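Residue numbers (this note's numbering), protein chains in the order written: chain A, 1094 to 1375; chain B, 343 to 632.
Here is the structure we will look at.
Written as structure tokens, this is what we have:
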């Protein structure tokens, strides 16, 4: 049994236009997945099916074998946590601590457990010291980290993060990357909706490309970044380093290099393999 | 007043929001007419505040402690109102909907709104609306609601509302941060085209790899101070300094430095764009394999 099983799902927001056109997808425990594609293509609509925020117009979504239509959304939220793109759609407490404590408290956990989880989540996202701060006094990057903490305290099995790196600088991006890594190491499945391909290359193992309400590609990150035509059709560019590797494939560079380190190793390997040949200095 | 070709001249600018310690310290910058000038730095570095100081919102709207001088298009920001300054310098915000008046139901009305506040006559307004929408590639969408446009279109509309006034300088505060890749490309191309038309453009931007392709000069801010300033190549190839202040250099620049450490591939000129890197390594590696 898959953790999440999306079976031929169609969805319409009430007009005649279908936002999802027969999507099927299985998500297993301990995966890291990026939902990518242009805005308006159906990524967020698909992600909101995972925890019953939206219910299929046709088809069904099973979470641990149970249809999302058969369980109230607040119970599903204990299994599949959803972090909205815009923090102000999610934050409603006047203190960081209360915001993070809300989920476990609402789930009826014992006070000591609520406190332990709140403390843990705040620490994990690096907001220790801000417990009594008003969420809107945090900068945008920290506010986004707070919204992740407020889902972590529920300890869901699946995290859905909508655009977690938007508005984050280098340090914020790195913190989100480390967070996803540690949640995944601890056994959670993490799904990110993102336009940040460099982030995807560094953090995520599987890509699901959504366009016009359909899944147009689904596979290992490295494999999907190889499908340059499919990506171009969805107006997505792989990371700069992958584009460089593609362009240099004719010189012998591994075209599937996804990070600076990989590309450097590939090029350095080529050079050391050809010692004795003279190197021209540019 | 200096009579050189500077569009913007900032000298010894110090600024703090009311009740707060200074967020900008001793900022000196000069941006020439027609230049594309990038401002980079981590969140909280003071980029947005500096943008607001260029059109007078700092200090006129926010108050606070202010020292030094900001001269934009020959006008001292301290001595002129935001309305007067807005004829010469337009500010585009990160979130386009923050720029919209909220009362216009049509794209063309939105462009007209700012001008009508400034007392332009109807005939003049109409020709300026046509021109501005054309410049940002929104012609044909005059009767659409600003709120049913895509993110990239909304940001281009925000640019059009500023353009219609025909300022000399356009300042943009992370104009692509909230956009998807298509929207980002639309806005960056618009920015580039306007610069080619002669507008002086100052842009705070996180997209370093994009900035590398079109900025003439870059200034790096950290904790309210200028850390680096110079040609785009000069700044973006200082990868250790960039990393230290929490900014990711372009991937190709990182690669070329890493290879220079590991191998004998030491270019005379480190690449900052994809195109440069492709040309460089095709040359170097092609030679190696021969």
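Ideal Cβ positions, reconstructed from N, Cα and C, are used throughout, including at glycine.
Please read all numbers here as calculations on a predicted model, not as lab measurements.
| query | result |
| --- | --- |
| Report yes if the C-beta distance between residue 359/B and residue 404/B is below 7 Å; otherwise report no. | yes |
| Where does the unbroken beta strand (DSSP E) through residue 349/B begin, and where does it stop? | 348 to 358 |
| Please report how far the alpha carbon of residue 402/B lies from the alpha carbon of residue 422/B, in whole angstroms. | 9 Å |
| Using DSSP with H/G/I as helix, E/B as strand and the rest coil, what is residue 1323/A? | helix |
| Could you pull the DSSP bridge partners for residue 413/B from this structure? | 351/B and 418/B |
| For residue 619/B, return the contacting residues in chain A, with the cut-off set at a CB-CB distance below 7 Å. | 1337 |
| What are the residues that DSSP puts in a beta bridge with residue 542/B? | 511/B |
| Any beta carbon of chain B sitting closer than 7 Å to that of residue 1154/A? | no |
| Compute the distance between the beta-carbons of residue 1285/A and residue 1331/A, then report whether it is under 7 Å. | no |
| Take residue 1098/A as the anchor and find which of 1127/A, 1144/A, 1137/A and 1125/A has the nearest alpha-carbon. | 1144/A |
| Are residue 374/B and residue 395/B closer than 7 Å when you measure CB to CB? | no |
| Quick check: what's the CA-CA separation for residue 344/B versus residue 457/B? | With a pLDDT of only 45 at residue 344/B, under the threshold of 50, the placement of this residue in the model should not be trusted, and no figure is reported. |
| How long is the line joining the alpha carbons of residue 1120/A and residue 544/B, rounded to whole angstroms? | 45 Å |
| Can you check whether the CB of residue 453/B is closer than 7 Å to the CB of residue 350/B? | no |
| If you measure between the beta carbons of residue 1247/A and residue 1196/A, is that distance less than 7 Å? | yes |
| Taking only three categories from DSSP, how would you classify residue 1144/A? | coil |
| Are the C-beta atoms of residue 1283/A and some chain B residue less than 7 Å apart? | no |
| Going by DSSP in three states, residue 1353/A sits in which element: helix, strand or coil? | helix |
| Could you tell me whether any non-hydrogen atom of the ligand ADP is closer than 6 Å to the CB of residue 372/B? | Although the ligand ADP was asked about, the structure shown includes no ligands whatsoever. |
| Below 7 Å between beta carbons: does that hold for residue 442/B and residue 488/B? | yes |
| For the alpha helix (DSSP H) that residue 574/B lies in, which residues bound it at each end? | 574 to 578 |
| Assess contact between the segment 1191 to 1210 of chain A and the segment 1156 to 1164 of chain A, defined as three or more Cβ pairs (one per stretch) separated by less than 8 Å. Is contact present? | no |
| Listing by chain order, which chain A residues have their CB less than 7 Å from the CB of residue 605/B? | 1361 and 1364 |
| Roughly how many angstroms lie between the CA atoms of residue 307/B and residue 376/B, to the nearest whole one? | No answer is possible for residue 307/B: it lies beyond the span of chain B, which begins at 343 and ends at 632. |
| Any idea what DSSP makes of residue 1164/A, helix, strand or coil? | coil |
| Apart from the five residues just before and just after residue 1327/A, which ones in its own chain have a Cβ nearer than 7 Å to its Cβ? | 1130, 1131, 1302, 1304 and 1309 |
| If the cut is a Cβ gap below 9 Å, which residues of chain A does residue 623/B touch? | 1337, 1340, 1341, 1344, 1346 and 1360 |
| State the Cα-Cα distance for the pair residue 427/B and residue 492/B, rounded to the nearest angstrom. | 30 Å |
| Select from 1245/A, 1138/A, 1313/A and 1325/A the residue whose C-alpha is nearest the C-alpha of residue 1149/A. | 1138/A |
| Within the 7 Å Cβ cut-off, does residue 344/B reach chain A? | Since pLDDT at residue 344/B reaches only 45, below the 50 mark, its modelled position is unreliable, and no value is offered. |
| Quick one: what does DSSP say residue 377/B is sitting in, helix, strand or coil? | coil |
| For the segment 528 to 537 of chain B against the segment 353 to 372 of chain B, are there 3 or more C-beta pairs whose distance is under 8 Å? | no |
| So, do the segment 512 to 526 of chain B and the segment 462 to 469 of chain B have three or more beta carbon pairs nearer to each other than 8 Å? | no |
| Can you list the residues of chain B that residue 1334/A reaches, using a CB-CB cut of under 8 Å? | 593, 594 and 597 |
| Given this structure, state the Cα-to-Cα distance separating residue 1375/A from residue 610/B, to the nearest angstrom. | Any reading at residue 1375/A must be qualified, since the residue scores a pLDDT of 37, below 50, and its modelled position is unreliable; no value is offered. |
| Please name the residue in 1250/A, 1226/A, 1122/A and 1177/A whose C-alpha comes closest to that of residue 1240/A. | 1177/A |
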